[in-house]
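> Before we start, here is the structure in question, set down as structure tokens.
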Amino acid sequence: MNDWHRFACAAELDRALAGHIARALATDVQGNGHASLAVSGGSTPKGMFQQLSNRELDWSKVWLTLVDERCVTSDSEDSNERLLRLHLLQQRAAGARFVGMASTGATGLEQLGREIAAIPKPFSVVVLGMGGDGHTASWFPQATNLAALLDPDNPAEVAVTDPVTAPHRRLTLTLAAVLNSREIIIHITGEAKRALLECARIPDHPVAAILEQRTTPVTIWWAPL
């Protein structure tokens, strides 16, 4: 059973979640000398990012990366990196050690794999979203390599995938990489996503790979739209 944190509105959720993440990062900085955070894009986390960006902690010791990215330029409106630079890598958080997911071809993917591997693990926190089709990260139900992405024994931390049902090829952390975290948070809003998450099943809903595993604690943070 996964723990739910339910809020009256998105603004209340954003404040609470930003505080929770900041405390987790501060704890790891104090205990280990560093912390690491992987986050998802989309419209849902914008408010939380803005709240988190001004939390007081030693951001110079925080490694920040993306859970997934579209294969677009970093200045594209579809870029998750652009979203982070506008909403999270601001104010105090501008000092974080950001590792983006820009990649071109096999050589670029190999280099990205090395950069992701260099981030201190386990992640302090991984924050996931969820699409209306039950995908999380860029693990789409119709992707031809979905089984490899969801293989907990896959040695690769990052992979390329074609979502089939959505624009752009993607770069994404694998399930094995996401599970290498102290805590996984699923951040969603709206009744439709709440209902879907409560009945998600593999393989129709890849997010169920997170819900059904017992390696890493999962909490779900939800508010109505």
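Going by our numbering, the sequence shown opens with residue 1, and the numbers climb by one from there.
By construction, the Cβ of each residue, glycine as well, lies at the ideal position given by its N, Cα and C atoms.
Can you tell me the Cα-Cα spacing of W222 and L83, whole angstroms?
Cα to Cα, W222 sits roughly 21 angstroms from L83.
> In whole angstroms, give me the CA-to-CA distance for D3 and I220.
Each residue's Cα considered, the two are about 6 angstroms apart.
> With C-beta atoms as the reference, is I184 less than 8 angstroms away from V126?
In contact: I184 and V126 (Cβ atoms closer than 8 angstroms).
> Would you list the one or two residues that DSSP bridges to L179?
DSSP lists no partner for L179.
> Using the C-alpha atoms, what's the distance from A147 back to P224?
Approximately 32 angstroms between the Cα atoms of the pair.
> Does H135 come out as helix, strand or coil in the three-state DSSP assignment?
Here H135 sits in coil by DSSP.
> Would you check if the stretch 125-144 and the stretch 155-165 touch, i.e. whether three or more CB-CB distances between them fall below 8 angstroms?
Flag = yes, the stretch 155-165 and the stretch 125-144 touch.
> Would you list the residues sitting across from E69 in a DSSP beta bridge?
Answer is L171.
> Which word fits P217, buried or exposed, when buried means at least 16 other C-beta atoms lie within 10 angstroms of its C-beta?
Classification of P217: exposed, given that the 10 Å Cβ count is below 16.
> Using 8 angstroms for Cβ pairs, my map puts V67 next to A35. What's the rounded Cβ distance?
About 16 angstroms separates the two Cβ atoms, so there is no contact after all.
> Beta-carbon separation of I116 and V158 under 8 angstroms?
Yes, they are a contact pair.
> What's the C-alpha gap between L52 and G129?
Taking the straight line from one Cα to the other gives about 17 angstroms.
> Spatial neighbours of R6 within its chain, please: C-beta separation below 6 angstroms, excluding the five flanking residues on both sides.
Taken in chain order, the residues that qualify are W222.
> Between I119 and A93, what straight-line distance do the alpha-carbon atoms span, to the nearest angstrom?
Looking at the two C-alpha atoms, the distance is approximately 17 angstroms.
> Considering Cα atoms alone, identify which of V39, T189 and I186 is closest to H87.
Cα-wise, what sits closest to H87 is V39.
> Below 7 angstroms CB to CB, which residues in the same chain sit around D204 once its five sequence neighbours on both sides are set aside?
Once the five neighbours on either side are set aside, the close Cβ partners of D204 are G134 and P141.
> Could you tell me the distance, in whole angstroms, from the CA atom of N80 to the CA atom of L150?
Roughly 22 angstroms between the two C-alpha positions.
> Please confirm whether A22 and L64 have their CB atoms less than 8 angstroms apart.
No; because the gap between Cβ atoms is not below 8 angstroms, this pair is not in contact.
> Among G132, V29 and P206, whose alpha-carbon lies nearest the alpha-carbon of G42?
It is G132 whose Cα lies nearest to the Cα of G42.
> Using only the alpha-carbon positions, how far apart do P152 and R169 sit?
Approximately 22 angstroms between the Cα atoms of the pair.
> Kindly indicate which residue of A11, T27 and S74 has the alpha-carbon position closest to the one of M48.
Nearest C-alpha to M48: A11.
> Less than 8 angstroms between the beta carbons of D78 and R85, yes or no?
No, Cβ-Cβ distance for D78 and R85 is not below 8 angstroms.
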